[in-house]
Structures are given as structure tokens and as C-alpha cells.
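Sequential numbering of the sequence shown, starting at 175, is according to our numbering.
Heads up, the beta-carbon is just placed ideally off N, CA and C, and yes, glycines get one too.
No experiment lies behind these values; they were computed from the predicted model shown.
Single-structure report; data block below.
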Amino acid sequence: MAEPRPFKIPRSVLVVIHTPALEVLLIERADKPGYWQSVTGALDAADEAPAAAAWREVAEETGITAGVLSDWALQNVYEIYPVWRHRYAPGVTHNTEHVYGLTVPAALPVRLAPREHVAQVWLPWREAADRCFSPSNAEAVLQLPRRLPPR
């Protein structure tokens, strides 16, 4: 008999992967065709640091393992979409999302996790923001020009 899956922790990361030229990587969810997003994911344990979760999720979802990770010191608190609430403990309705940017030198090849995502695209930042299904993801992409790390 399979072990019951533990509930997700209502703390997550959002990682806007981008080039210095402001091309942004978006990936399409496998469970919701047409839902494009940046890399996202819940912390695996209460003691996992958000930066560690950011690197883990980027590697798992894209295969990218290098670049400059910047903590944007931004947290979004939002209501969890009802379609995904069953993944959380009963009564949990909100998530705290820690936002990061990951600068890569150019639009890199991506290795998607096929159970999570089915397509990827590199887009200019404004176009990427328009394609994001999540309002907090779109807002993060729109902040990108102000969040670039110093050269």
C-alpha cells in the first residue's frame, strides 16, 4: 500500500529565469495546458531555505544548474487556487511566495520535467509577462528591468 503523500508546505519560491537582454524563460504546465509560468515550487521541508528551494526547483524543472541567483527580497501572499488546495493541509488557503531572479548568460537549452511541464519558450520580458497565468508571476516579470544584478 502506498504511503500517503505529505501535505505541501504553504511557502514557495518563484524564480524568474532571464538573460541580461531581458529574455525570460516560461514553461507550460502539464496539468493545465495553456498555463505558462516561471519556475515555481514549494519548500520541501520547514527548514529548507528559500534560496536552496529556488536552486532545487530550477534544476528539477529546467536542468539549469548555473547562473546568478538574486533574492529580490519580495514575498507575495496569495490565495491558493481552489483546484490545488487539496495538496495542502485542511484549512490552508494562502501561500507565501519568495521571489528570485536567475540571470543566465543566454537563452539556454532546457530539460523539462515531463510530469510537470510540456513546453518552454524564451520571450522578451513584456511578452513573457503577458503570457503568465499567475498575477504574481506577471508582476515579477514586469519588475525585471529594475531587478537586474549589477554588471
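- Cβ-Cβ separation between VAL257 and GLU235: approximately 20 Å, too far for a contact (criterion under 8 Å).
- Within the stretch 289–319, complete beta strand (DSSP E) segments of at least 3 residues are found at 291–298, given in chain order.
- Within its own chain, the residues whose Cβ lies closer than 8 Å to the Cβ of ALA240, once the five positions on either side in sequence are excluded, are VAL278, listed in chain order.
- Two segments are said to touch when three or more pairs of C-beta atoms, one from each, lie closer than 8 Å; by this definition the stretch 307–319 touches the stretch 192–205.
- Setting aside the 5 residues that flank it on each side, ALA293 is surrounded in the same chain by GLU202, each with a C-beta closer than 6 Å to its C-beta; the list follows chain order.
- Ranked by how close their Cα comes to the Cα of GLU290, the residues GLU231, TRP299 and LEU217 have GLU231 in first place.
- Rounded to whole angstroms, LEU282 and HIS272 show a C-alpha spacing of 24 Å.
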